[in-house]
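Number 301 marks the last residue of the sequence shown (this note's numbering); no jumps. Note that the Cβ used here is the ideal one computed from N, Cα and C, for glycine as well. Reading through the structure tokens given below for one structure.
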Amino acid sequence: MAGYLSYLRIPIMASSSIVALASSLLYWKQNDLIYPRYLPAGANTDEGVPRPTQFGITDYEDLRLPTPDGEILGAFFLRPTNKGIATNVTILMFHGNAGNIGHRVPIAKVLGENLGCNVLMLEYRGYGMSTGTPDEKGLMIDAQTGLDYIRTAKETKDGKIVIYGQSIGGAVAIQLAAKNQEEGDVIGLVLENTFTSIRKLIPSAFPPAKYIAWLCHQYWPSEDILPKITKIPILFISGLKDEIIPPSHMKQLFAVCRAETKVWRTIPNGSHNDTVAEPNYFIYILEFIRDRALGGQ
5 MAGYLSYLRI
15 PIMASSSIVA
25 LASSLLYWKQ
35 NDLIYPRYLP
45 AGANTDEGVP
55 RPTQFGITDY
65 EDLRLPTPDG
75 EILGAFFLRP
85 TNKGIATNVT
95 ILMFHGNAGN
105 IGHRVPIAKV
115 LGENLGCNVL
125 MLEYRGYGMS
135 TGTPDEKGLM
145 IDAQTGLDYI
155 RTAKETKDGK
165 IVIYGQSIGG
175 AVAIQLAAKN
185 QEEGDVIGLV
195 LENTFTSIRK
205 LIPSAFPPAK
215 YIAWLCHQYW
225 PSEDILPKIT
235 KIPILFISGL
245 KDEIIPPSHM
255 KQLFAVCRAE
265 TKVWRTIPNG
275 SHNDTVAEPN
285 YFIYILEFIR
295 DRALGGQ
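Encoded structure:
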């Protein structure tokens, strides 16, 4: 893991230069502020997406998934590198709002090596290899497209699914899990450093715009939707030094959670960008999936 640890430390929220423009551009340009798919430079191009082979992964599929509304989504399907502990679990990964799936391949690699699971890394519309322009409605169509692929692909259709989301990916994961919990194939939800809602996040993430947060039309109301999830075990991982999304957001989500099984874990030195690179992060996920999602199987 050490060889590619630095790749885990990537930009998640918008840069300070974008934050400075927030108050004047919040309404008309908020999609660019909330979904900075061009950061780091070139991240929203096919050439700017690191491939799994760059991290020593050869057993994977480079996919293009069509959405019901006509977009084409890039995705990587990674098979477990440790065949000796292979399971019938597929993790559906939703990343933060900057960069692309290529920047998160090291995370998927560690998950596959330690859990023996498949990982489907889905690229939101407008990001990396995908067509279109991101917004809340579109990202939810993308998320359902990824889940439906796992449910219908020959290799994964009879298995179990864990939904994993970082930052804004946590908001995507919450909505998707709420809409799909009745099917019974989603056995776990992992949330890292996500927020209660975009409007409530604005005062800390975009301070100049705190007095006009009401102009935000990208809601992502996780605080309202999360309580609807009762049948899926949920793991909350909170970096206590998160400078972008105050840890109080994660505490509030845990407080309103009504899932029969919910687990709270903290990363004392975890900031927004590098909680994933701190000690115990993957151990917490491994224990959750093994002991809570799979029930000790």
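Inter-residue CB distance, residue i and residue j (contact presumed, cutoff 8 Å)
i, j, result
"Val109", "Ile61", "7 Å"
"Asn101", "Pro44", "Not confirmed; about 13 Å, so no contact."
"Asn284", "Ile293", "Going by Cβ atoms, the distance from Asn284 to Ile293 rounds to 15 Å, so no, they are not a contact pair."
Residue from the options whose Cα sits closest to the Cα of residue i
i, options, result
"Arg55", "Ala181, Asp73, Met125, Arg155", "Met125"
"Gly103", "Val123, Asn92, Ser134", "Ser134"
"Asp73", "Val114, Asn48, Met144", "Met144"
"Tyr288", "Arg68, Asn118, Glu51, Phe98", "Asn118"
"Ala177", "Phe240, Gln256, Pro40, Val267", "Phe240"
"Leu205", "Lys235, Gly188, Ile172", "Ile172"
"Asn184", "Phe199, Lys158, Glu140, Thr234", "Thr234"
"Thr151", "Gly299, Tyr285, Glu187", "Per the sequence presented here, residue 151 reads as Leu, with Thr not at that position. Answer by Cα proximity: Glu187."
"Gln256", "Leu298, Thr91, Leu195, Asn273", "Leu195"
"Leu4", "Thr57, Thr156, Asp189", "Any question about residue 4 goes unanswered here, given that the chain covers just 5 to 301."
"His253", "Cys121, Ile105, Val280, Gly174", "Gly174"
"Thr198", "Ala182, Ile248, Asn273", "Ile248"
"Val280", "Tyr42, Gln148, Asn48, His99", "His99"
"Gly274", "Asp246, Phe286, Glu291", "Asp246"
"Lys158", "Gly192, Asn92, Leu180, Gln34", "Asn92"
Reduced DSSP secondary structure (H/G/I, E/B, other) of residue i
i, result
"Tyr131", "coil"
"Tyr215", "Model confidence at Tyr215 stands at a pLDDT of 46, short of 50, so the residue's coordinates are unreliable; what they give is reported in the following sentence. Helix at Tyr215."
"Leu69", "strand"
"Ser201", "coil"
"Leu298", "coil"
"Thr149", "helix"
"Ser171", "coil"
"Leu77", "strand"
"Leu195", "strand"
"Tyr223", "coil"
"Ile233", "coil"
"Ser252", "helix"
"Val53", "coil"
"Arg262", "coil"
"Ala26", "Reliability fails at Ala26, whose pLDDT of 48 lies under 50, so the model's placement of it is uncertain and the value that follows must be treated cautiously. Three-state result, Ala26: helix."
"Asn284", "coil"
"Gly116", "helix"
Beta-carbon contacts of residue i that lie in its chain and below 6 Å, excluding the five residues immediately before and after
i, result
"Thr265", "Pro237, Arg296"
"Arg129", "Glu75, Gly136, Pro138, Gly142, Asp146"
Nonlocal neighbours in the same chain, by C-beta distance under 7 Å from residue i, ignoring five residues either side
i, result
"Ile154", "Thr94, Leu96, Leu124, Thr160, Ile165"
"Ser201", "Tyr223, Trp224, Pro225, Ser226, Glu227"
Nonlocal neighbours in the same chain, by C-beta distance under 8 Å from residue i, ignoring five residues either side
i, result
"Trp268", "Phe240, Ser242, Phe258"
"Arg68", "Ile76, Leu77, Gly78, Ala79, Met133"
Review point. Contact between the segment 81-95 and the segment 62-70: three or more CB pairs below 8 Å?
Key: Touching, yes, given that three or more Cβ pairs across the two stretches are closer than 8 Å.
Check your understanding: Are there three or more Cβ pairs, one per stretch, closer than 8 Å when the segment 257-273 is compared with the segment 225-233?
Key -> yes
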